[in-house]
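Residue numbers (this note's numbering): 229 to 655.
We put the beta carbon where it would ideally sit given N, CA and C, even for glycine.
Read the structure below first, then the notes.
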């Protein structure tokens, strides 16, 4: 990796560190925050579902921003939008607002995150390629996963401790402050490199073009399509489990006000992310194909959730949680590298955003369904049910593997399978 590529990587890791730190201040207490505001379990996860609905609604329009106005512009808009909507969330909690207000602001939170999804990753890949880096991406994404885990570890523990020492609203205010700092950092150091935005088209035409490009380079590309079709089940369950673990572990611990325990749960996930990010390129060496890593990850993850659903011992649950998070974290850089090597540079942010949209669409349905199951049968049963739902992703990942895409067998140092606007199927 030459000096220019190292600089790009440092900027990417800095943005990852700051954004994850900002987000993670509330991750350990978010569900408790919603329940404290007077929402039921169903309403709390329905609010989360509206958040994912916002991501689904705005993924394509914000993809137009990323590809038409630049990835830097998209990032800056995301920090401002997320900071404003987080502050509104704090006000809703402060005044115990009705559910419809939570639904609206949750959609705005989803809008904020869609400015990030795809854009930052696309910025990294295009800038790295422009700088002359031709190696594999698992190592870079693995480092980002480790940095993200460290930031999440610090933020989630601090958020839980601060909430217990003050109240559940303070971590949300801290998140707003960190996001504003990140706006300044990105404004100063982030520049679009190796990519020229196209601003000539009308917004409606551009949106149609983005949607068409997403379909042509995503759903019409078989190995990419099947990974996308698996995403609603893996991502939908993953979002629910992460937030359901807060009340689940507090029930096992026996103290519903021990907010630091909820922060500990998020911290364990964070620590597992660090280890998983470190393991990702090493685990990749154990498998001939990237898709095999994804298949193994889903299988193990689903089994852990079923076992977690019948666990009655707090410390055993923490151990299972750590393994579940590590498995998911180790697979994520492999999936990122797999998809990026099959996507043309010009539509990279677009297709990655569409892939994120597919995952978010699962959260719209899965979260309220499992939240309702938690209301009726309890959180342990809902986690076990989540494991069974996640297994639905397996046939799609197997189908992706059967396409024998060049990117599936690529390793560190190989040429990417999708460069200069060409997919493996394009002559």
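Where the alpha helix (DSSP H) containing residue i begins and where it ends
i	result
residue 452	450–481
residue 486	No alpha helix (DSSP H) holds residue 486; DSSP gives it neither H nor E.
residue 564	542–568
residue 397	Looking at the DSSP string, residue 397 is not in any alpha helix (DSSP H), and its letter there is neither H nor E.
residue 313	299–322
residue 263	258–264
residue 539	Segment: none, residue 539 is in no alpha helix (DSSP H) and carries neither H nor E.
residue 342	327–342
residue 352	347–358
residue 254	231–255
residue 617	607–618
residue 623	622–629
residue 635	634–637
Residue i and residue j closer than 9 Å at C-beta
i	j	result
residue 212	residue 311	The structure shown does not extend to residue 212, since the chain is modelled only from 229 through 655, so no value can be given for it.
residue 459	residue 586	yes
residue 624	residue 406	no
residue 253	residue 402	yes
residue 518	residue 638	yes
residue 248	residue 383	yes
residue 478	residue 486	yes
residue 260	residue 391	yes
residue 450	residue 565	no
residue 591	residue 492	no
residue 515	residue 524	yes
residue 347	residue 397	no
residue 299	residue 350	yes
residue 339	residue 278	no
residue 610	residue 601	yes
residue 400	residue 471	no
residue 628	residue 453	yes
residue 404	residue 314	yes
residue 568	residue 549	no
residue 246	residue 409	yes
residue 522	residue 469	no
residue 529	residue 552	yes
residue 588	residue 284	yes
residue 465	residue 594	yes
residue 582	residue 457	no
residue 463	residue 570	no
residue 541	residue 619	no
residue 336	residue 316	yes
residue 545	residue 480	yes
Nearest-angstrom Cβ-Cβ length linking residue i and residue j, presumed shorter than 8 Å
i	j	result
residue 505	residue 371	7 Å
residue 236	residue 356	6 Å
residue 421	residue 358	5 Å
residue 352	residue 240	5 Å
residue 216	residue 360	Because the chain spans 229 through 655 in this model, residue 216 falls outside it and cannot be assessed.
residue 608	residue 538	7 Å
residue 275	residue 262	6 Å
residue 423	residue 354	5 Å
residue 320	residue 265	7 Å
Below-9 Å beta-carbon distance, residue i vs any chain C residue
i	result
residue 238	Note that chain C does not occur in the displayed structure, where there is just one protein chain.
Using 8 Å as the Cβ pair cut-off and three pairs as the minimum, do the stretch 529–540 and the stretch 601–619 touch? Yes: at least three Cβ pairs fall under 8 Å.
Would the stretch 339–349 count as touching the stretch 288–296 if we require 3 or more Cβ pairs under 8 Å? yes
Check whether the stretch 374–387 touches the stretch 319–336, counting contact only when three or more Cβ pairs, one atom from each stretch, lie closer than 8 Å. These segments do not touch.
Measuring CB atoms only, is the stretch 544–560 touching the stretch 497–514, in the sense that at least three cross pairs come out at less than 8 Å? Because the criterion of three Cβ pairs below 8 Å is met, the stretch 544–560 and the stretch 497–514 touch.
State whether the stretch 271–288 contacts the stretch 330–339, with contact taken as three or more CB pairs (one from each stretch) at a distance under 8 Å. yes
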